[in-house]
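Colleague: Numbering (our numbering), first residue to last: 50 to 385.
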């Protein structure tokens, strides 16, 4: 199940047939999206059984209620004619008319777009609307889709019609731009290679999580950046404020900065810093834990005997964490 501020998105169930029919029988709902109004609960039940069983097809429900008031889906390769790529999909949706005008559809769409890029690894998400469907067009504009092309004389088999189809797209790069704030002083921005260099070379930074009662909680941490996987790894205690916070909300940020340098004749340091945004998880695999602890230890000492001894005596008490970056930004700052 997926959640937003006001909604939860769950899998369709056969007992949703009555509520689906209640909203899908409205002639203002289906035809705009290319399908006829439902004529009976039995027809709605058949749609649930045959159409709404996609891996990423969800019923839209208001929080605190379980009634299905609409549908939203990421149509994966093989279930859409917009793309044949495994790393691309199509977003489709509809909402019962009594719930129009509340901002529910953009809210649900943003969550499914997030899932597509963050959880499913999509590089592009497509979304289409038929000529004249201004409501769908506005939803797509609100969440950040960009016009790509128009297809004319598109067959709409369920209505025995031919229509003009407008196709919009959102790339992963564009989603990151509109999701994560762009740097204000762009001339000071560091490139990705320079950010990676800092993560590789520096041994520690500050990990920030969402703590108790909504307060941010920052803690200094040692880290190892695995360049091959593009992930950050940490070690620490198995219990505590940090672990509790991550269990409740796995979204974190991690800030690292270098030692800085001075230009000749100047007192102020020039410092490069990197902030990584991403999701954190606890590492369970024993071999991976040993690899993480070994590489973190090597950032501080060349004494392999010490590393082996510490792993043998304390390895079972260590909790290792894996941070998968979703966005990374770096900048050069002069302290003057």
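For glycine and all other residues, C-beta sits at the position ideal for the given N, C-alpha and C.
Computed from a predicted model, the values in this text were never measured in an experiment.
(1) Have a look at residue 301 and residue 203 and give me their C-alpha separation to the nearest angstrom.
(2) Using the Cα positions of residue 155 and residue 86, report the straight-line distance between them to the nearest angstrom.
(3) Could you spell out where the beta strand (DSSP E) holding residue 224 opens and where it closes?
(4) What are the boundary residues of the alpha helix (DSSP H) that includes residue 264?
(5) Cα separation between residue 63 and residue 97?
(6) Should the region 216-232 be regarded as contacting the region 155-170, the criterion being three or more beta carbon pairs within less than 8 Å?
(7) How is the beta strand (DSSP E) around residue 290 delimited, first residue to last?
(8) In whole angstroms, what separates the C-alpha of residue 331 from that of residue 373?
(9) DSSP on residue 163, reduced to helix/strand/coil?
(10) For a quick check, are the C-beta atoms of residue 378 and residue 229 less than 9 Å apart?
(11) Would you tell me roughly how many angstroms separate the C-alpha atoms of residue 322 and residue 74, rounded to the nearest one?
(12) Considering only the beta carbon of each residue, do residue 285 and residue 370 sit closer than 9 Å?
(13) With the cut-off set at 9 Å, would you say residue 385 and residue 316 are in Cβ contact?
(14) Which ranges does the alpha helix (DSSP H) cover as unbroken runs of at least 4 residues, wholly within the region 145-208, from first to last along the chain?
(15) Is it right to say residue 68 is buried, meaning 16 or more other beta carbons lie within 10 angstroms of its own, or is it exposed?
(16) Output the distance between the C-alpha atoms of residue 111 and residue 274, rounded to the nearest integer angstrom.
(17) Look at residue 329 and residue 258 and say whether their C-beta atoms are less than 9 Å apart.
(18) Can the beta-carbon of residue 271 be found closer than 9 Å to that of residue 349?
(19) Can you tell me whether residue 61 is buried or exposed, with buried defined as 16 or more other CB within 10 angstroms of its CB?
(20) Looking only at DSSP bridge pairs, what is residue 374 linked to?
(21) Could you check where the beta strand (DSSP E) with residue 239 kicks off and where it finishes?
(22) Excluding the five sequence neighbours on either side, which residues of its own chain have a C-beta within less than 6 Å of the C-beta of residue 160, listed in chain order?
(23) Determine the DSSP secondary structure at residue 70, reduced to helix, strand or coil.
(24) Evaluate residue 294 with the Cβ neighbour count: other Cβ atoms within 10 Å of its Cβ, from every protein chain shown; 16 or more gives buried, anything less gives exposed.
(25) So, are the CB atoms of residue 118 and residue 58 less than 9 Å apart?
(26) What is the rounded straight-line gap between the Cα of residue 311 and the Cα of residue 383?
(27) State the beta-bridge partners of residue 257 as determined by DSSP.
Modeller: Taking the coordinates as given:
(1) Near 45 Å, if we compare the C-alpha coordinates of residue 203 and residue 301.
(2) 23 Å
(3) Per DSSP, residue 224 belongs to no beta strand (DSSP E); it is in the alpha helix (DSSP H), 221-228.
(4) Segment: none, residue 264 is in no alpha helix (DSSP H) and carries neither H nor E.
(5) 7 Å
(6) yes
(7) Unbroken run through residue 290 is the alpha helix (DSSP H), 290-297; no beta strand (DSSP E).
(8) Spanning the alpha carbons of residue 331 and residue 373 requires a straight line of approximately 11 Å.
(9) DSSP places residue 163 in helix when its eight states are reduced to three.
(10) yes
(11) 56 Å
(12) yes
(13) yes
(14) 153-163, 183-192
(15) Of the other Cβ atoms in all chains shown, 16 or more fall within 10 Å of the Cβ of residue 68; this residue is therefore buried.
(16) The straight-line gap from Cα to Cα measures roughly 41 Å.
(17) In contact: residue 329 and residue 258 (Cβ atoms closer than 9 Å).
(18) Yes, these two residues count as a Cβ contact at 9 Å.
(19) So residue 61 ends up on the buried side.
(20) 327
(21) Here residue 239 belongs to no beta strand (DSSP E), and DSSP marks it neither H nor E.
(22) Cβ within range, chain order: 51, 53.
(23) Three-state result, residue 70: helix.
(24) Label assigned to residue 294: buried.
(25) no
(26) 9 Å
(27) 267, 302
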